[in-house]
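Structure first, then comments.
Residue numbers (full-length UniProt numbering): 1 to 689.
Now the structure itself:
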């Protein structure tokens, strides 16, 4: 048997390396050093491996004196000690990195000495620091500086290996490690992967027009399978070859533009060209790295979820030579895959497994696997939205106060047939809840998470509407309180109950069903629109604060919809109102596309009119106020304004004109020209109709 002691066996490289050692030679036996807390997870991961009986898990911790090993945990003699364990997080504290990366390496050296093993130290190209120019396999201390504690500790760790008298060693310096070239698999967002969500924006650009990008310098990266193949071949290669360094890097010069171009075909984006020379890009990065701009840069990076230390290492000033390494690897049959060939697989894996916005869905696809919470789901827009979501494969949690109506509606919706035979039927669950009770909302959300694991989308649809003039609403303060309790505080109760879960789950989306009246400022809706405007304002502020957590918000300024909420208002009996099915389609669009705001042409023009001619706009709304009346039950009150004869005539004239215009409006709404005009308008930034 050939015995190996391997640290970092649970890591992205380490786990693959250990598995490959076991699979390539039945004479290999591996002692894997694993932190006690990680042993159960490691046991689960390795359960089906070939040669699992030759894998011995040893509890150890690089940060502890003597690795925290118990007596007799390791054999007295082994052939190889492979040190992969380290903190690879550039955002980790300097003291923690010193304790693990440097002192942990010293402890592994002690084990190599005591067992008579050949020490294989997996270092990093970070040892070159800020050295500019060629960096060969024979170079080490070139007087370079180090931009981060990570670079400093990787240099110090390799120095410990090189300086230990009598130690037999080899050093391996991998470049930035990407996902597997065969399937794109990656364990986390790191290094170049932080750029992926910005690359995605290019997919919306015309493919025939070259995309200009600044040349920020060299980006040296290799896939994890190449690193593992190289390590597996080299650790057993010529045991007498000691004190050698191997550069596991890409010998070709590639910059950020080249890296983007390797991914571009997968995301349907245009080809990029270097717009500025490297010297300009480097100078810009250096300026941003100095105060006072550095603090601003770091703040923006943190809000975007990017460790500021990553920005200090965007480009590599050193060029790593690989002549000796690649000559040896060539004899061993190990080749570096071409990034232009495997780049699309990296993108595909990131998009499906690591993209913070991966729970968003293409409108052509279903909503399978999406968990959606809908308030006010027992009737109207909420019920219609729940039905459409279930028909597209979503799991829907229906919230409403009326237990009996909610249960009946859930039964009806649960039987909804899928819209496409390729999409499985979704599921619907009823959760009675009064959203004005914050404690009840928290309890219901906890119950949902316990039973179903997660919530991806929240639709704040529950609401009450009061149509009453300002004078009457002020005289009946309960109108103001009730609308605020449900429409504003109720919605905030739901958001508050899910926001921490969204953060932990990598993001989420909230759809707030507002009203067209917020943009139009329609008379007699002061109490109702105040509650909706308050929710919109809070949403806008919260969205700016939670954007870096990938928690997004969409506000729908919904037109008048034929729902039970408007039935008590006689003025709406003959009014133009859309169906709940059409309203549900708008909510679906908000769930899938996630724009900031979905408005209507009327709402947009009303906002423009208030901006361009505020006095005239207010006069027009005053006329609208006088040709409509308060509910009949309110007209007898002393505070209610009484309509004059002229106003009654105007009121009748409006209804007559409306009856004649309505057929033409319906015909126009079905016109292809209208649909085309809407698509053209939606291409204008800031407009989503």
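In this text, a Cβ means the ideal position worked out from N, Cα and C, and glycines have one as well.
- Scanning the stretch 467-517 from its first residue to its last, the whole beta strand (DSSP E) runs of 3-plus residues come out as 508-515.
- The beta carbon of residue 106 is closer than 8 Å to those of 160 in its chain, skipping five residues each way along the sequence.
- In this structure, residue 551 sits away from residue 490, with a CB-CB distance that is not shorter than 8 Å.
- Contact fails between the stretch 220-227 and the stretch 275-282, because fewer than three Cβ pairs, one in each stretch, are under 8 Å apart.
- For residue 133, the uninterrupted beta strand (DSSP E) segment begins and ends at 133-135.
- Distance from the Cα of residue 7 is smallest, within the candidate group 1, 26, 55 and 51, for 55.
- Within the same chain, Cβ atoms closer than 7 Å to the Cβ of residue 289 are found at 312, the five residues on either side in sequence being excluded.
- The stretch 337-344 makes contact with the stretch 255-275, as at least three CB pairs between them are under 8 Å.
- If you look at residue 449, you'll find it in the alpha helix (DSSP H) that goes 438-452.
- Looking at 447, 578, 392 and 477, the one whose alpha-carbon comes closest to that of residue 592 is 392.
- Counted as a single uninterrupted DSSP element, the alpha helix (DSSP H) harbouring residue 347 occupies residues 339-349.
- Taken in chain order, the whole alpha helix (DSSP H) runs of length 4 or more contained in the stretch 52-119 are 94-97 and 103-115.
- The beta carbon of residue 112 sits closer than 7 Å to the beta carbons of 81, 119 and 167 from its chain, once the five residues preceding and following it are set aside; these are given in chain order.
- The C-beta of residue 355 has 16 or more other C-beta atoms within 10 Å across all chains shown, which makes the residue buried.
- DSSP places residue 127 within a helical segment (H, G or I) once states are collapsed to three.
- Collapsing the DSSP output to three states places residue 271 in coil.
- Residue 201 and residue 192 have their C-alpha atoms spaced approximately 16 Å apart.
- For residue 114, the number of other beta carbons within 10 angstroms of its own is below 16, and it is reported as exposed.
- Separation of residue 440 and residue 433 (C-alpha to C-alpha, rounded to the nearest whole angstrom) is 7 Å.
- Going by beta carbons, residue 463 and residue 369 fall outside the 8 Å limit.
- The beta carbon of residue 270 sits closer than 8 Å to the beta carbons of 202, 205, 206, 207, 208, 209, 210, 211 and 264 from its chain, once the five residues preceding and following it are set aside; these are given in chain order.
- Each of 65, 156, 583 and 456 was checked against the Cα of residue 379, and the nearest Cα belongs to 583.
- By alpha-carbon distance to residue 51, the top candidate from 597, 24, 39 and 544 is 24.
- Residue 428 places its beta carbon 8 Å or farther from that of residue 448.
- A distance below 8 Å separates the beta carbons of residue 498 and residue 458.
- Counting C-beta pairs with one atom in each stretch, the stretch 60-80 and the stretch 33-45 have three or more that are closer than 8 Å, which means they touch.
- Residue 318 has its alpha-carbon roughly 17 Å from the corresponding atom of residue 325.
- The DSSP-derived three-state label of residue 457 is strand.
- In the DSSP annotation of this structure, residue 374 is not part of any alpha helix (DSSP H); the continuous beta strand (DSSP E) holding it starts and ends at 371-375.
- The alpha-carbon separation between residue 117 and residue 78 amounts to approximately 6 Å.
- The Cβ atoms of residue 228 and residue 157 lie no closer than 8 Å to each other.
- Burial is judged here by how many other beta carbons sit within 10 angstroms of a residue's own beta carbon; residue 43 has fewer than 16 and is exposed.
- Between residue 600 and residue 557 a beta carbon distance of about 7 Å is seen, short of the 8 Å cut, so the two are scored as contacting.
- Classified as buried, residue 465 has 16 or more neighbouring CB atoms from the shown chains inside 10 Å of its CB.
- DSSP places residue 557 within a strand segment (E or B) once states are collapsed to three.
- Burial of residue 186 is indicated by the presence of at least 16 other C-beta atoms within 10 angstroms of its C-beta.
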